[in-house]
Amino acid sequence: MGVGSGGAPSGVRLSVVLPAFREARVIADTLAALRDGLSGAAPGDLLELIVVDDGSDDATVERARAAGADRVIALGGNRGKGAAVRTGMLAADGEVVVFTDADLQYPPDRIVAVLDRLGGEVGAVLATRGRTADGLLRRLGTHVVSRLAALLVLRGEEFAQHRLGDTQCGLKAFRQDVAHEVFGRCRVDRFGFDVEVLLLLSLLGVPTVVETVEATSGMRRSTVRVVRDGVGILRDLVGIRRRYRRGDYSSVTPDD
Numbered sequence: 017m018g019v020g021s022g023g024a025p026s027g028v029r030l031s032v033v034l035p036a037f038r039e040a041r042v043i044a045d046t047l048a049a050l051r052d053g054l055s056g057a058a059p060g061d062l063l064e065l066i067v068v069d070d071g072s073d074d075a076t077v078e079r080a081r082a083a084g085a086d087r088v089i090a091l092g093g094n095r096g097k098g099a100a101v102r103t104g105m106l107a108a109d110g111e112v113v114v115f116t117d118a119d120l121q122y123p124p125d126r127i128v129a130v131l132d133r134l135g136g137e138v139g140a141v142l143a144t145r146g147r148t149a150d151g152l153l154r155r156l157g158t159h160v161v162s163r164l165a166a167l168l169v170l171r172g173e174e175f176a177q178h179r180l181g182d183t184q185c186g187l188k189a190f191r192q193d194v195a196h197e198v199f200g201r202c203r204v205d206r207f208g209f210d211v212e213v214l215l216l217l218s219l220l221g222v223p224t225v226v227e228t229v230e231a232t233s234g235m236r237r238s239t240v241r242v243v244r245d246g247v248g249i250l251r252d253l254v255g256i257r258r259r260y261r262r263g264d265y266s267s268v269t270p271d272d
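Numbering (the numbering used here), first residue to last: 17 to 272.
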């Protein structure tokens, strides 16, 4: 098992960050499934479940608290998935920190498969979707975004070490120190944040592996709107490329 047992100061072994927007209907079931399904990796108080609400106008916050989330962080406005993930990752106390979707598109056994790859020198594990319940338009959108990321941002060495054809997969795991180094430098608030994370992992020289997982349809339909959010992701990619070219990431080195 890739989850370490050598005591973070908090005593938490594994933190799971759930960015949530209008997830009142499913959040309690998600939290219960994660606590049960991850009990082998991090039983009891060794598991920390963090819900970051991205300005929901339903009862997501109240139901997450009632369902026993260890932390519920309300952003106070719809800032975007990237902002929600970043906030949760930087707040997490676990030796290992995972973020995944609140609708449980990646059930606990898939999370465990990713955790099993994290150990030794490996500082991050990036899931990529194999078979998926997504429709044709979603799959096509994922492919297009990943190729654009390769062309616009993740060139040469930055992309080669990942060999990743699915930049937007919503399941990624990190050692705590790596999570803080990477997410402390992230600036993208919306769906393009995954690409910035990959770029920073490369610039920091973090040993990274890819794990193929089978995604389900989750407990509800995705809030991702392919066309509108695709335009937003493209805007994010252009912004990341601009910052990279003008040297905004130049101070990020493996020895930083």
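The beta carbon of each residue, even a glycine, is placed where N, CA and C say it ideally should be.
8 Å contact criterion, which residue i and residue j should meet: CB distance rounded
i, j, result
"Glu212", "Arg203", "7 Å"
"Ala108", "Ser31", "4 Å"
"Gly104", "Arg206", "Not quite, the Cβ-Cβ distance comes to about 15 Å (not below 8 Å), so this is no contact."
"Leu216", "Thr116", "About 19 Å; that fails the 8 Å criterion."
"Asp74", "Ala49", "Actually they do not touch by this definition, with Cβ atoms about 20 Å apart."
"Tyr122", "Ala231", "6 Å"
"Ala80", "Leu91", "Their Cβ separation, rounded to whole angstroms, is 13 Å, which puts Ala80 and Leu91 out of contact at 8 Å."
"Val112", "Leu134", "6 Å"
"Leu142", "Thr224", "6 Å"
Cut-off 6 Å between Cβ atoms - residues of its own chain near residue i, not counting five sequence neighbours on either side
i, result
"Leu34", "Val67 and Ala118"
"Val222", "Gly139, Ala140 and Val194"
"Ser72", "Phe37 and Arg38"
"Glu78", "none"
"Gly255", "none"
Which residues DSSP lists as bridging residue i, in chain order
i, result
"Val225", "Val141"
"Arg87", "Ile66"
"Arg191", "Val112"
"Pro59", "According to DSSP, Pro59 bridges with nothing at all."
"Val33", "Ile66 and Phe115"
First and last residue of the uninterrupted alpha helix (DSSP H) at residue i
i, result
"Ser233", "Note, Ser233: premise wrong, no alpha helix (DSSP H); not H, not E."
"Val268", "From DSSP, Val268 is part of no alpha helix (DSSP H); its letter is neither H nor E."
"Leu131", "Pro124 to Leu131"
"Val101", "Lys97 to Ala107"
"Ser218", "Phe209 to Leu219"
"Asp52", "Ile43 to Gly53"
"Ala80", "Thr76 to Ala82"
Environment of residue i [buried if 16+ CB atoms lie within 10 Å]
i, result
"Pro82", "Here the sequence assigns Ala to residue 82, which means Pro is not the residue at that position. By the 10 Å Cβ count, Ala82 comes out exposed."
"Gly27", "exposed"
"Glu137", "exposed"
"Pro124", "buried"
"Gly60", "exposed"
"Leu152", "For Leu152, the pLDDT reaches just 48, beneath the cut-off of 50, and the residue's location in the model is therefore unreliable, although a value from the coordinates is still provided. Answer is exposed; the Cβ neighbour count stays below 16."
"Arg191", "buried"
"Gly246", "buried"
"Gly146", "exposed"
"Gly93", "exposed"
"Gly208", "buried"
"Arg258", "exposed"
"Arg126", "buried"
"Gly110", "buried"
Delimiting residues of the beta strand (DSSP E) encompassing residue i
i, result
"Glu64", "Leu63 to Asp69"
Cβ neighbours of residue i in the same chain (closer than 7 Å, five flanking residues each side left out)
i, result
"Ala129", "Glu227 and Val229"
"Asp210", "Thr183 and Gln184"
"Glu173", "Low per-residue confidence applies at Glu173: pLDDT is 44, beneath 50, and the placement is therefore not dependable, though the value from the model is reported in the following sentence. Answer for Glu173: Ser218, listed in chain order."
"Asp86", "Glu64, Leu65 and Ile66"
Residues of its chain near residue i, where Cβ-Cβ distance is below 8 Å and the 5 sequence neighbours each way are ignored
i, result
"Thr144", "Leu180, Gly181, Asp182, Cys185, Val226, Glu227, Thr228 and Val229"
"Arg51", "Leu63, Leu65 and Gly84"
"Val268", "Arg201, Leu216, Leu219 and Leu220"
"Leu106", "Ala195, His196, Phe199 and Gly200"
"Thr76", "Ala36, Phe37, Arg38, Glu39, Ala40, Ile43, Val67 and Asp69"
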